[in-house]
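The structure appears below as structure tokens.
In the working numbering, the protein residues as written are 7 to 215.
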């Protein structure tokens with residue numbers, strides 16, 4: 007078996023599937039204006055900064071109406087919108103991005119866990135005609151700064167997923183950090199209801215010929 011030297015194509019982060027904290031923060035700041043200019047008008051993108059410990063988070067908020075996700079498996083008998091909040095933050099333990107999700111109704115409350123998962127399943131099915139197995143990877147945690155509960159998509163397999171995704175040469179004008187984040191968003195966040203502009207993802211997926 008021969009060993010192929012890929013050092014000319016990839017840096018350490020792309021080989022092992024990790025992303026440094028610096029690259030995450032830099033990539034998020036570079037990506038925000040692209041998302042704002044090209045994303046759906048229903049998605050509100052922003053960056054939030056926290057201290058002690060320092061954290062930069064990419065945030066997407068959107069309102070979803072029940073009438074848009076009519077489903078025999080999910081029916082609360084109301085047309086009031088549900089506000090979905092997606093947060094992308096950095097996991098120092100796993101050295102990868104991590105996704106947090108929460109919901110909120112017009113009264114400030116949240117759905118029960120079972121209703122939230124049923125709602126998210128119905129919503130993603132309405133978007134993509136099938137529910138996503140990623141729902142099985144969600145568990146509740148408390149946001150380290152806000153102190154409120156979120157559903158976390160556990161990052162234990164993210165490095166492996168990104169290593170496989172980044173294992174081929176590519177040809178695009180994005181920095182490694184932006185390309186990494188775009189591909190991760192398309193693989194993890196998009197199936198859970200985040201609208202990632204197709205043009206950005208297609209550019210990030212463009213192979214080197």
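C-beta atoms are modelled at their ideal positions from N, C-alpha and C, and glycine is treated no differently. Since the model is a prediction, treat every value here as computed from it, not as a measurement.
Margin query: What does DSSP give as the partner residue(s) for residue 54 in the beta ladder?
Written below: Locating residue 54 in the chain shown gives position 48, where the first residue counts as 1. Residue 54 pairs with 63.
Item checked: Residue nearest to residue 148 in terms of C-alpha spacing, selected from 97, 106, 28 -> Residue numbering aside, residue 148 sits at position 142 when the chain shown is read from its first letter. Taking only the C-alpha atoms, the option nearest residue 148 is 106.
Next item on the list: Leaving out five residues on either side along the sequence, give the residues of the same chain with a beta carbon under 6 Å from the beta carbon of residue 185.
Entry: What you label residue 185 is simply residue 179 of the chain shown in a count that begins at 1. Around residue 185: 210.
Check: In this structure, does DSSP put residue 35 in helix, strand or coil?
Finding: The count along the chain shown starts at 1 and reaches residue 35 at position 29. Helix, per DSSP.
Note to self: Once DSSP output is grouped into helix, strand and coil, what is the label at residue 94?
What the structure shows: Sequence index remark: in the chain shown, residue 94 carries index 88 (1-based). In the three-state scheme derived from DSSP, where H, G and I count as helix and E and B as strand, residue 94 is classed as strand.
Item checked: Beta-carbon proximity check, residue 97 vs residue 161, cutoff 7 Å -> Against the chain shown, residue 97 aligns to sequence position 91. Against the chain shown, residue 161 aligns to sequence position 155. Yes, they are a contact pair.
Item checked: 7 Å Cβ cutoff met for residue 206 and residue 189 -> By 1-based counting over the chain shown, the position of residue 206 is 200. By 1-based counting over the chain shown, the position of residue 189 is 183. Between residue 206 and residue 189, the C-beta spacing is not below 7 Å.
Check: Going straight from the alpha carbon of residue 202 to that of residue 43, what length do you get?
Finding: One-based indexing of the chain shown puts residue 202 at position 196. One-based indexing of the chain shown puts residue 43 at position 37. Spanning the two alpha carbons is a distance of roughly 11 Å.
Item checked: Rounded straight-line distance, which links the Cα of residue 132 to that of residue 166 -> Here residue 166 corresponds to residue number 160 of the chain shown, with the count starting at 1. Here residue 132 corresponds to residue number 126 of the chain shown, with the count starting at 1. C-alpha separation (whole angstroms): 29 Å.
Note to self: Please give the ranges of any beta strand (DSSP E) in the region 127-178, keeping only runs that are unbroken, at least 3 residues long and fully inside the region.
What the structure shows: Qualifying beta strand (DSSP E) stretches, in chain order: 144-148, 155-159.
Item checked: Residues near residue 24 by beta carbon distance below 7 Å, same chain, minus five either side -> Numbered from its first residue, the chain shown carries residue 24 at position 18. The beta carbon of residue 24 is closer than 7 Å to those of 101, 102, 165 in its chain, skipping five residues each way along the sequence.
Margin query: I need the boundaries of the alpha helix (DSSP H) containing residue 187, first residue and last residue.
Written below: Sequence index remark: in the chain shown, residue 187 carries index 181 (1-based). 182-190 is the span of the alpha helix (DSSP H), which, as asked, contains residue 187.
Next item on the list: Taking 7 Å as the cut-off, decide whether the C-beta atoms of residue 200 and residue 129 are in contact.
Entry: The sequence position of residue 200 within the chain shown is 194, counting from 1. The sequence position of residue 129 within the chain shown is 123, counting from 1. In this structure, residue 200 lies away from residue 129, with their beta-carbon atoms at least 7 Å apart.
Next item on the list: For residue 146, count neighbouring C-beta atoms within 10 Å of its own C-beta (all shown protein chains included) and say buried if the count is 16 or more, exposed if not.
Entry: In the chain shown, the residue the question calls residue 146 occupies position 140. So residue 146 counts as exposed.
Next item on the list: Would you identify the three-state DSSP class for residue 49, choosing helix, strand or coil?
Entry: Within the chain shown, residue 49 is the residue found at index 43, counting from 1. In the three-state reduction of the DSSP assignment, residue 49 falls in the coil class, being assigned neither a helical nor a strand state.
Notebook entry, point to check: Between the C-alpha atoms of residue 87 and residue 61, what's the straight-line distance to the nearest angstrom?
Noted result: Counted from its first residue, the chain shown places residue 87 at position 81. Counted from its first residue, the chain shown places residue 61 at position 55. Between residue 87 and residue 61, the C-alpha separation is close to 30 Å.
Note to self: Alpha carbons only, please: which of 116, 95, 179 is nearest the one belonging to residue 59?
What the structure shows: Along the chain shown, read from residue 1 onward, the residue named residue 59 stands at position 53. Of 116, 95, 179, the residue nearest in Cα terms is 95.
Item checked: Distance between residue 108 and residue 150 (C-alpha atoms, nearest Å) -> As a first step, residue 150 is located in the chain shown; it is residue number 144 there, counting from the start. As a first step, residue 108 is located in the chain shown; it is residue number 102 there, counting from the start. Using only the alpha carbons, I get a separation of about 14 Å.
Checklist line | As assigned by DSSP and simplified to three states, the class of residue 69 | finding: As a position in the chain shown, residue 69 is number 63, starting the count at 1. If DSSP states are grouped into helix, strand and coil, residue 69 belongs with the strands.
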